[in-house]
Amino acid sequence: MANLSSQKYSNIARPYALAAFEVASKKQQLAEWKAFLDSASDIANDPTVSKLLTNPEMTAQRLNALFSEVLASLLDDERRNFLRLLAQNQRLMVLPEIAELYRAYLAKLEKISSVRIITAIEITNEIKQNLARALTKRMQREVTIECEINPSILGGAIIHIGDRVIDGSIRGKLTRLYTNLTS
């Protein structure tokens, strides 16, 4: 379900993530902004806070105060203003996507690519290492692999590399076969 949310909010989150990344780069505070966004993302993902973010009775000021209080040790003027802007524009719920995009910008700067692999069953560390080596060689940059298990794909794997998706799942193959047979 988080994946659908991610897709839904990525267009909204992109300008905020880019602005945060540009400020962090300019101020040479890339790690500080990453820590701030990761923590803010964790807060926004909390089920109780998530309900507050969609509660029409919660004002932007109250939500900003809540986040500011919890994140006080990570805030400077820019990050405080960033939070206030998100609250005023009712965008605090996209903090997880902002953090994800920020990490992608940071990884690109550091020449590290994050690859997400979805399989029906858990894959071994040996297979993960072999995949990482092969992808590192092919992409000519360091690769980190995140694995996710989703039994509904039936078998095979779906690989997300940046904006590219390689669907080698059995469910994907069956869907393509069905489409070809019915068209």
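So for the sequence shown, our numbering puts the first residue at 915; every next one is plus one.
Every residue gets a Cβ at the ideal spot worked out from N, C-alpha and C, and that includes glycine.
Just so we're clear, the structure is a prediction, and the values are computed from it rather than from any experiment.
Own chain partners of residue i with C-beta closer than 7 Å, once the 5 adjacent residues on each side are dropped
i: Arg998; result: Asn978
Reference residue i; option with closest CA among the options
i: Asn995; options: Met1053, Ala934, Pro970; result: Ala934
i: Ile1031; options: Glu1040, Thr1096, Asp1081; result: Asp1081
i: Leu1068; options: Gln1054, Leu1049, Thr1089; result: Thr1089
i: Ile1059; options: Pro1065, Ser1066, Asn1044, Arg928; result: Asn1044
i: Ile1012; options: Gly1086, Trp947, Thr1096, Ser939; result: Trp947
i: Lys965; options: Ser987, Pro929, Gln975, Met1007; result: Met1007
i: Glu1024; options: Thr1096, Leu1095, Arg1055; result: Arg1055
i: Arg1047; options: Ile926, Ile1026, Glu971; result: Ile1026
i: Pro1010; options: Asp1077, Val963, Val1079, Glu936; result: Val963
i: Gln942; options: Glu992, Ser924, Ser987; result: Glu992
i: Gly1076; options: Glu1040, Leu1091, Tyr1019, Pro1065; result: Tyr1019
Per-residue burial, residue i [other beta carbons within 10 Å of its own, 16 or more giving buried]
i: Glu1036; result: exposed
i: Arg976; result: exposed
i: Ile1073; result: buried
i: Thr1033; result: buried
Sequence-distant residues of the same chain with beta carbon closer than 8 Å to residue i, five excluded per side
i: Arg928; result: Leu1015
Simplified DSSP assignment, three categories, for residue i
i: Ile926; result: helix
i: Ser1027; result: strand
i: Ile1035; result: coil
i: Thr968; result: coil
i: Thr1058; result: strand
i: Arg1005; result: coil
Close beta carbons around residue i, own chain, < 6 Å, minus the five adjacent residues each side
i: Arg1084; result: The sequence given here has Ile at residue 1084, not Arg. Closer than 6 Å at Cβ, skipping near neighbours: Leu1068, Gly1069, Gly1070.
i: Met972; result: Leu966
Chain B within 8 Å of residue i, Cβ atoms only
i: Pro1065; result: This model lacks chain B altogether, as it is built from one protein chain only.
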